[in-house]
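Let me begin by presenting the structure, written as structure tokens, before commenting on it.
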């Protein structure tokens, strides 16, 4: 990766922050109608709909299923978003696009979806494992984080 | 410019947040997986509590909660300075092989020592 300008720690950090905000907003947009539906159905108030136990149980079951879906969505969306966007023609998530940086392979090529998936999975695990692992690019001559080392990727500035 | 504004706002927001929020009273975020599964303290355990203590000038409490806070906060402050003033000399120093080995060595040694009997003073307090 000689002679190719690396993205810079600050740009990468800001791109990650922007992505977190975007995902947070997307999650809220989904969460708000969900909460509204619960309010309309009268969950939490004494007796839902006609007040019968069966109706309340059915609504609670539906609500529970929705909640499980929501939790799964919040677990899988961040790294699927990262993997899809990184392996797209833009080679960058929205945050990286704004910061004008992109992810490339050792020869400057676009990552395949499986490479991007490994990268985002390792990123997701390390971010939940310990925040201090995110400091790794500070000590790496080619600014690679642990997820970059796992996927043999580099983050560079757009030409 | 956008980068500098976002970094400044984030750094200020995190600092204010941890000044008012006491992790010892109310836990925030997922628990440490290592501590949860093995009962051992990792290098990061107590970091949030140490930062909160440090912001209140309680250096002794910060030391007990996580000694590494005295290395990590100056490092992050130096990184922030580098990014805000476009002075990237720090990165050249950090990216030397011996610096990486030293950092890994300190992290591993600290993790081992804080889990040994007789070194309970290096474990987080609730």
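Chains as they are written, first to last, in the numbering used here: chain A, 459 to 617; chain B, 274 to 399.
Cβ atoms here follow ideal geometry from the backbone N, Cα and C, with glycine treated the same way.
Contact set between residue i and chain A, taken where Cβ atoms lie within less than 8 angstroms
i                      : result
residue 345 of chain B : 590, 593
residue 232 of chain B : Absent from the model: residue 232 of chain B. The displayed extent of chain B is 274 to 399, so no value can be given.
residue 289 of chain B : Correct list: empty, because the minimum Cβ distance to chain A is about 16 angstroms.
residue 373 of chain B : 597, 598
Status (buried if at least 16 other CB within 10 Å, exposed otherwise) for residue i
i                      : result
residue 378 of chain B : exposed
residue 601 of chain A : buried
residue 549 of chain A : buried
residue 321 of chain B : buried
residue 420 of chain A : Here chain A comprises residues numbered 459 to 617, so residue 420 of chain A is not present and cannot be evaluated.
residue 287 of chain B : exposed
residue 595 of chain A : buried
residue 323 of chain B : buried
residue 275 of chain B : exposed
residue 358 of chain B : exposed
residue 355 of chain B : buried
residue 278 of chain B : exposed
residue 364 of chain B : buried
residue 515 of chain A : exposed
residue 523 of chain A : exposed
residue 285 of chain B : exposed
Short CB-CB distance (under 7 angstroms) between residue i and chain A
i                      : result
residue 330 of chain B : no
residue 362 of chain B : no
residue 376 of chain B : yes
residue 382 of chain B : no
residue 367 of chain B : yes
CA-to-CA distance, residue j to residue i, given in whole angstroms
i                      : j                      : result
residue 370 of chain B : residue 603 of chain A : 15 angstroms
residue 581 of chain A : residue 475 of chain A : 14 angstroms
residue 325 of chain B : residue 461 of chain A : 42 angstroms
residue 483 of chain A : residue 392 of chain B : 44 angstroms
residue 334 of chain B : residue 558 of chain A : 42 angstroms
residue 330 of chain B : residue 572 of chain A : 48 angstroms
residue 295 of chain B : residue 338 of chain B : 13 angstroms
residue 467 of chain A : residue 512 of chain A : 56 angstroms
residue 517 of chain A : residue 510 of chain A : 11 angstroms
residue 613 of chain A : residue 519 of chain A : 45 angstroms
residue 554 of chain A : residue 588 of chain A : 23 angstroms
residue 590 of chain A : residue 609 of chain A : 20 angstroms
residue 372 of chain B : residue 308 of chain B : 28 angstroms
residue 387 of chain B : residue 381 of chain B : 10 angstroms
residue 478 of chain A : residue 537 of chain A : 11 angstroms
residue 328 of chain B : residue 566 of chain A : 44 angstroms
residue 579 of chain A : residue 605 of chain A : 8 angstroms
residue 350 of chain B : residue 585 of chain A : 20 angstroms
residue 617 of chain A : residue 583 of chain A : 31 angstroms
residue 527 of chain A : residue 306 of chain B : 24 angstroms
Cutoff 7 angstroms: residue i Cβ touching any chain B Cβ
i                      : result
residue 562 of chain A : no
residue 531 of chain A : no
residue 472 of chain A : yes
Closer than 9 angstroms at the beta carbon, the chain B residues around residue i
i                      : result
residue 587 of chain A : 305, 306, 307, 315, 317
residue 557 of chain A : 275, 276
Under 7 angstroms from the C-beta of residue i: neighbouring residues of chain B
i                      : result
residue 518 of chain A : None at all; the shortest Cβ gap to chain B is about 26 angstroms.
residue 468 of chain A : 276, 280, 356
Cβ separation of residue i and residue j, assumed to be a contact under 8 angstroms, to the nearest whole Å
i                      : j                      : result
residue 525 of chain A : residue 544 of chain A : At roughly 30 angstroms, the Cβ-Cβ gap does not stay under 8 angstroms, so residue 525 of chain A and residue 544 of chain A are not in contact.
residue 611 of chain A : residue 562 of chain A : 7 angstroms
residue 383 of chain B : residue 341 of chain B : 6 angstroms
residue 397 of chain B : residue 319 of chain B : 3 angstroms
residue 491 of chain A : residue 368 of chain B : Their Cβ separation, rounded to whole angstroms, is 48 angstroms, which puts residue 491 of chain A and residue 368 of chain B out of contact at 8 angstroms.
residue 597 of chain A : residue 297 of chain B : About 31 angstroms; that fails the 8 angstroms criterion.
Proximal chain B residues relative to residue i, where beta-carbon distance stays under 8 angstroms
i                      : result
residue 475 of chain A : 279, 283
Chain D within 7 angstroms of residue i, Cβ atoms only
i                      : result
residue 372 of chain B : The structure shown contains no chain D; the protein chains it does contain are A and B.
Proximity test, residue i beta-carbon vs the ligand GTP heavy atom, cut-off 6 angstroms
i                      : result
residue 380 of chain B : No copy of the ligand GTP appears in this structure; indeed no ligand is present at all.
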